[in-house]
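Please read the structure below before turning to the comments.
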Amino acid sequence: MEVEEIKSLIEVFERTTLTELELHRGESRLILKRESVRGSLFQPITAVLQPQPTQTAPSPTQQTAAQAKGAPIQEKRMPANGYVIEAPIVGTFFRRPAPGEEPYVEVGDRINPGDTVCLVEAMKVMNEVRTERAGIVKEIIVQDGKPVEYGQPLIVLELFEG
96 MEVEEIKSLI
106 EVFERTTLTE
116 LELHRGESRL
126 ILKRESVRGS
136 LFQPITAVLQ
146 PQPTQTAPSP
156 TQQTAAQAKG
166 APIQEKRMPA
176 NGYVIEAPIV
186 GTFFRRPAPG
196 EEPYVEVGDR
206 INPGDTVCLV
216 EAMKVMNEVR
226 TERAGIVKEI
236 IVQDGKPVEY
246 GQPLIVLELF
256 EG
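Residue numbering for the sequence shown follows this note's numbering, starting at 96 and increasing by one per position.
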């Protein structure tokens with residue numbers, strides 16, 4: 096099987112409610128599994144990062160959990176038209192296509208729908224993460240080479256007006 100064919104199968108699988116797909120072709124075998132049905136890969140952040148009216152200091156346990164996920168401990172002011180790109184799968188986050196190459200995006204870059212913004216490696220397969228929205232990169236949350244969880248925020252965009 097060719098890499099493009101596998102990528103296409105993964106994209107189709109992600110858009111379905113199937114929990115398992117097994118394909119045999121000659122000596123090749125491809126198995127795709129997931130534990131539950133996934134929602135959208137990208138979700139708006141308007142309600143996620145708004146400050147709470149009363150806040151208490153996070154406990155050491157809460158701080159450790161936030162640090163483990165790569166999330167900032169302190170909340171940051173997000174633009175009203177902010178948008179977060181989330182990890183579509185569990186894996187390792189990479190900002191560039193290969194070591195020594197330029198990152199896909201930098202803070203301040205303008206990006207368009209379909210642009211690749213990073214990679215998430217899972218089981219030795221590099222999965223391109225693409226944006227569905229046009230915007231300006233405001234923050235890259237995860238450090239290069241760090242593990243990420245499904246749904247974990249990776250990159251914050253400020254959406255284009257109009």
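Ideal Cβ positions, reconstructed from N, Cα and C, are used throughout, including at glycine. In this text the structure is predicted, and so the values were computed from the model without any measurement.
Enclosing beta strand (DSSP E) for residue i [first to last residue]
{"i": "residue 235", "result": "230–235"}
{"i": "residue 102", "result": "That residue, residue 102, is in no beta strand (DSSP E); its alpha helix (DSSP H) goes 98–109."}
{"i": "residue 249", "result": "248–254"}
{"i": "residue 203", "result": "Run containing residue 203: none; DSSP gives neither H nor E here."}
{"i": "residue 177", "result": "177–181"}
{"i": "residue 224", "result": "220–225"}
{"i": "residue 118", "result": "115–120"}
Within-9 Å CB hit, residue i to chain C
{"i": "residue 128", "result": "You won't find chain C in this structure, because it holds only one protein chain."}
Three-way DSSP call (helix, strand, coil) for residue i in this model
{"i": "residue 191", "result": "coil"}
{"i": "residue 159", "result": "Unreliable placement is indicated for residue 159, whose pLDDT of 43 sits below 50; the coordinate value is still reported in the next sentence. Note: residue 159 maps to helix in three-state DSSP."}
{"i": "residue 128", "result": "strand"}
{"i": "residue 209", "result": "coil"}
{"i": "residue 196", "result": "coil"}
{"i": "residue 185", "result": "coil"}
{"i": "residue 240", "result": "coil"}
Residue from the options with nearest C-alpha to residue i
{"i": "residue 255", "options": "244, 230 and 249", "result": "230"}
{"i": "residue 208", "options": "220, 178 and 194", "result": "178"}
{"i": "residue 190", "options": "198, 183 and 184", "result": "198"}
{"i": "residue 193", "options": "213, 98 and 105", "result": "213"}
{"i": "residue 196", "options": "122, 185 and 239", "result": "239"}
{"i": "residue 217", "options": "118, 241 and 235", "result": "241"}
{"i": "residue 107", "options": "221, 246, 127 and 206", "result": "127"}
CB-CB length for residue i against residue j, believed under 8 Å
{"i": "residue 224", "j": "residue 204", "result": "At roughly 15 Å, the Cβ-Cβ gap does not stay under 8 Å, so residue 224 and residue 204 are not in contact."}
{"i": "residue 252", "j": "residue 188", "result": "Not quite, the Cβ-Cβ distance comes to about 16 Å (not below 8 Å), so this is no contact."}
{"i": "residue 180", "j": "residue 211", "result": "So it is not a contact: roughly 11 Å between Cβ atoms."}
{"i": "residue 182", "j": "residue 244", "result": "6 Å"}
{"i": "residue 125", "j": "residue 101", "result": "7 Å"}
The ligand NAP heavy atom lying under 8 Å from the CB of residue i
{"i": "residue 246", "result": "Of ligands this structure carries none, so the ligand NAP is not represented either."}
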